[in-house]
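Colleague: The structure under discussion is supplied below as structure tokens; questions concerning it will follow.
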Amino acid sequence: MALIPGLPEEIGLECLIRLPYTCHHAARSVCRRWRELIDGRDFFQLRKQRGTTHVLACLVQSSPAKIPADGKKPTGPPAYRLTVFDTRLGKWECLPAVPIYPDGLPLFCQLVGLQGKLVVMGGWDPSSWDPVLHLFVYDFTRREWRQGRDMPAARSFFAAGAVDDRRVVVAGGHDENKNALKTASVYDVESDEWEAAEEMEEERDECEGVVVGGEFWVVSGYRTDRQGSFSGSAEVYESATGGWRRVEGAWEGGKCPRGRVKVERSGRVGCWSEEETVAVQVAVGMGDRALLTGSACHGAAHGFFLVVEQKEGQNGKMEKMDAGKEFSGFVQSGCCIEI
1 MALIPGLPEE IGLECLIRLP YTCHHAARSV CRRWRELIDG RDFFQLRKQR GTTHVLACLV
61 QSSPAKIPAD GKKPTGPPAY RLTVFDTRLG KWECLPAVPI YPDGLPLFCQ LVGLQGKLVV
121 MGGWDPSSWD PVLHLFVYDF TRREWRQGRD MPAARSFFAA GAVDDRRVVV AGGHDENKNA
181 LKTASVYDVE SDEWEAAEEM EEERDECEGV VVGGEFWVVS GYRTDRQGSF SGSAEVYESA
241 TGGWRRVEGA WEGGKCPRGR VKVERSGRVG CWSEEETVAV QVAVGMGDRA LLTGSACHGA
301 AHGFFLVVEQ KEGQNGKMEK MDAGKEFSGF VQSGCCIEI
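Under full-length UniProt numbering, residues 1 to 339 are what the sequence shown spells out, in order.
Quick look at the structure:
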């Protein structure tokens with residue numbers, strides 16, 4: 001049976017490769033052959049070669065406050081959910097609730113995107129504020145969640161990133177007793193298995209993770225005995241060897257890196273710091289553009305800004321966005337995902 005009756009096989013494949021990712025879920029239901037093609041690992045690579053993949057920003061964002069029946073101002077911390085922003089189409093979307101957390105995500109959970117899948121892990125239970133080990137994977141093609149194998153140990157404010165299309169590295173952060181960590185682990189999304197990685201040279205609490213050319217960088221952070229004294233160094237995980245190397249002067253010492261690390265076109269690590277017009281809270285880089293959250297000045301209302309046509313050493317053209325009331329909530333963290 002041809003992929004598309006009446007068309008040569010190669011033409012039918014080209015047609016399916018060009019389907020928008022939002023149609024993949026419905027296309028899987030057409031027939032078994034389409035489902036096997038769309039679910040296969042080669043389909044993503046073919047789309048990437050043809051330039052038909054899509055890049056999105058995924059955010060941990062506070063939900064709109066629910067006004068009680070008595071009309072009084074809501075009390076307690078806000079609930080967080082996962083939202084997605086398409087910078088090309090200017091479209092927002094809310095993802096389905098994570099299993100076992102229907103009323104709100106774990107606070108300060110970490111996000112990693114890789115080949116059409118979103119990994120959500122760690123954080124604090126929204127009710128007890130105890131660290132959790134849970135890990136979940138959202139498949140954008142199937143539009144469904146699955147619960148993966150728990151993290152090997154509890155860690156908070158750690159670095160995380162994907163070194164290839166199936167492996168996620170986590171490193172640093174702190175344990176349940178607030179002790180900074182230098183341990184690391186690798187999670188395989190396909191096999192749903194964790195394995196211990198070589199330890200970093202230094203403890204790094206409240207560090208930030210970015211991937212540069214296939215290498216996972218753990219930027220800054222601080223040791224247990226130097227609370228809040230952020231290091232100017234970074235450590236780089238080389239996936240080919242499984243070892244780490246230290247990079248001095250990768251960051252401005254004393255400055256918190258959380259949500260503010262960017263990768264220049266040259267591959268250098270840079271900083272989304274306080275620009276002339278925006279005090280950046282969280283930034284999600286997506287190639288030639290980036291989504292920033294922050295305020296126009298200290299004390300001003302939280303807002304969203306889109307940076308386009310980024311140039312080396314510059315932040316490009318910045319435009320203020322109107323996210324609408326439903327998607328204007330505070331952003332804790334975010335990541336980029338290619339689908």
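Yeah, the Cβ is synthetic: ideal placement off N, Cα and C, and Gly gets one too.
Straight-line CA distance for D139 to L95?
Modeller: Answer to the nearest angstrom: the Cα atoms are 11 Å apart.
Colleague: Hey, would you say residue 376 sits closer than 9 Å to R245, going by beta carbons?
Modeller: Since the first and last residues shown for the chain are 1 and 339, residue 376 lies out of range.
Colleague: Return the first residue and the last residue of the beta strand (DSSP E) that D139 is part of.
Modeller: Here the beta strand (DSSP E) through D139 covers L135 to D139.
Colleague: Give a single yes or no on whether C271 has its beta carbon closer than 8 Å to a heavy atom of the ligand HEM.
Modeller: Absent from the structure shown: the ligand HEM. Ligands present: none.
Colleague: Determine, using beta-carbon pairs with one atom in the stretch 193-204 and one in the stretch 104-121, whether at least three such pairs fall under 8 Å.
Modeller: The stretch 193-204, when compared against the stretch 104-121, does not touch it at the 8 Å Cβ threshold.
Colleague: Give the single residue among Q227, E238 and K262 whose Cα lies nearest to the Cα of G254.
Modeller: The shortest C-alpha separation from G254 is found at Q227.
Colleague: At 3 residues or longer, what runs of the beta strand (DSSP E) sit wholly inside the stretch 70-132?
Modeller: Fully enclosed beta strand (DSSP E) runs of 3 or longer: 80-86, 91-94, 110-114 and 117-121.
Colleague: CA-CA distance, A97 and R81?
Modeller: C-alpha separation (whole angstroms): 7 Å.
Colleague: Would the stretch 26-41 and the stretch 259-272 be scored as touching if the rule is three or more Cβ pairs under 8 Å?
Modeller: Segments in contact, no.
Colleague: In the DSSP output, which residue or residues are listed as bridge partners for K255?
Modeller: None; K255 has no bridge partner.
Colleague: Suppose you measure from the CA of W272 to the CA of V308; what does that come to, to the nearest Å?
Modeller: Cα to Cα, the separation comes out at about 14 Å.
Colleague: Pull the bridge partners of L306 from the DSSP assignment, please.
Modeller: Answer is L291 and E319, bridged to L306.
Colleague: Would you kindly check if the distance between the Cβ of V170 and the Cβ of A184 is under 9 Å?
Modeller: Yes. Within cutoff.
Colleague: Our contact map puts L107 next to W124 with C-beta atoms below 8 Å; I'd like the distance itself, whole angstroms only.
Modeller: Yes, L107 and W124 are in contact; Cβ-Cβ is about 4 Å, under 8 Å.
Colleague: Looking at C-alpha atoms only, which residue of T52, P5, G329 and K325 is the closest neighbour of G116?
Modeller: The candidate whose alpha carbon is nearest that of G116 is T52.
Colleague: As a quick exercise: from E202, G242 and V210, pick the residue whose alpha carbon is nearest that of R223.
Modeller: It is E202.
Colleague: Measuring alpha carbon to alpha carbon, tell me which of S295, R289 and K317 ends up nearest F85.
Modeller: Ranking S295, R289 and K317 by Cα distance to F85 puts R289 first.
Colleague: Note down, one range per segment and in chain order, each beta strand (DSSP E) of at least 3 residues found wholly within the stretch 5-41.
Modeller: With a minimum length of 3 residues, no continuous beta strand (DSSP E) run stays inside the stretch 5-41.
Colleague: Could you spell out where the beta strand (DSSP E) holding D175 opens and where it closes?
Modeller: Where D175 is concerned, there is no enclosing beta strand (DSSP E), given that its DSSP letter is neither H nor E.
Colleague: Per DSSP, R246 forms a beta bridge with which residues?
Modeller: Paired residues: E235.
Colleague: Check whether the Cβ atoms of F304 and P78 sit closer than 9 Å, and answer yes or no.
Modeller: Against a cut-off of 9 Å, the Cβ pair of P78 and F304 comes out as no contact.
Colleague: Between the beta-carbon of A250 and the beta-carbon of G267, is there less than 9 Å?
Modeller: Taking 9 Å as the Cβ cut-off, A250 and G267 do not qualify as a contacting pair.
Colleague: Report back the beta-carbon spacing between G172 and G221 to the nearest angstrom; my notes put them in contact at under 8 Å.
Modeller: With a Cβ gap of about 5 Å, G172 and G221 count as contacting.
Colleague: Does V182 pass the burial test, meaning 16 or more other C-beta atoms within 10 Å, or should it be called exposed?
Modeller: A small correction: the amino acid at residue 182 is Lys; Val does not occupy that position in the sequence shown. Result: buried.
Colleague: Q49 by DSSP, collapsed to three states: which one?
Modeller: DSSP places Q49 in helix when its eight states are reduced to three.
Colleague: Are the beta-carbon atoms belonging to E198 and G161 less than 9 Å from one another?
Modeller: Taking 9 Å as the Cβ cut-off, E198 and G161 do not qualify as a contacting pair.
Colleague: Rounded to whole angstroms, what is the Cα-Cα separation between F327 and G113?
Modeller: The alpha-carbon atoms of F327 and G113 are separated by roughly 20 Å.
Colleague: When the Cα of Q332 is compared with those of K317, K320 and V282, which residue comes out closest?
Modeller: Out of K317, K320 and V282, V282 has the C-alpha closest to the C-alpha of Q332.
Colleague: Check the C-beta distance from A279 over to W92 and give it rounded, since I have them as a contact under 8 Å.
Modeller: Rounded, the Cβ-Cβ distance is 23 Å, inconsistent with contact.
Colleague: Is it buried or exposed, W217, if we count other Cβ atoms within 10 angstroms and call 16 or more buried?
Modeller: Counting Cβ neighbours within 10 Å, W217 comes out buried, since at least 16 surround it.
Colleague: Would you grab the beta carbon distance between C207 and A159 for me? Rounded to a whole angstrom, and I think it's under 8 Å.
Modeller: With a Cβ gap of about 5 Å, C207 and A159 count as contacting.
Colleague: Going by Cα to Cα distance, which pick from F44, V132, T83 and R41 is closest to L59?
Modeller: The candidate whose alpha carbon is nearest that of L59 is T83.
Colleague: Kindly list the residues whose CB is nearer than 8 Å to the CB of F230, restricted to its own chain and excluding five residues on each side of it in sequence; keep chain order.
Modeller: Closer than 8 Å at Cβ, skipping near neighbours: E206, S220, G221, Y222, W251, G253, G254, K255, C256 and P257.
Colleague: Which complete beta strand (DSSP E) runs does the stretch 201-232 hold, if anything under 3 residues is left out?
Modeller: Segments of the beta strand (DSSP E) lying fully in the stretch 201-232: 208-212 and 215-219.
Colleague: If we count the other Cβ atoms within 10 Å of its Cβ and call it buried at 16 or more, is A26 buried or exposed?
Modeller: The residue in question, A26, is exposed, as its Cβ has fewer than 16 Cβ neighbours within 10 Å.
Colleague: If you follow the beta strand (DSSP E) that L59 is part of, which residue opens it and which one closes it?
Modeller: Taken as a continuous stretch (DSSP letters only), the beta strand (DSSP E) holding L59 covers V55 to S62.
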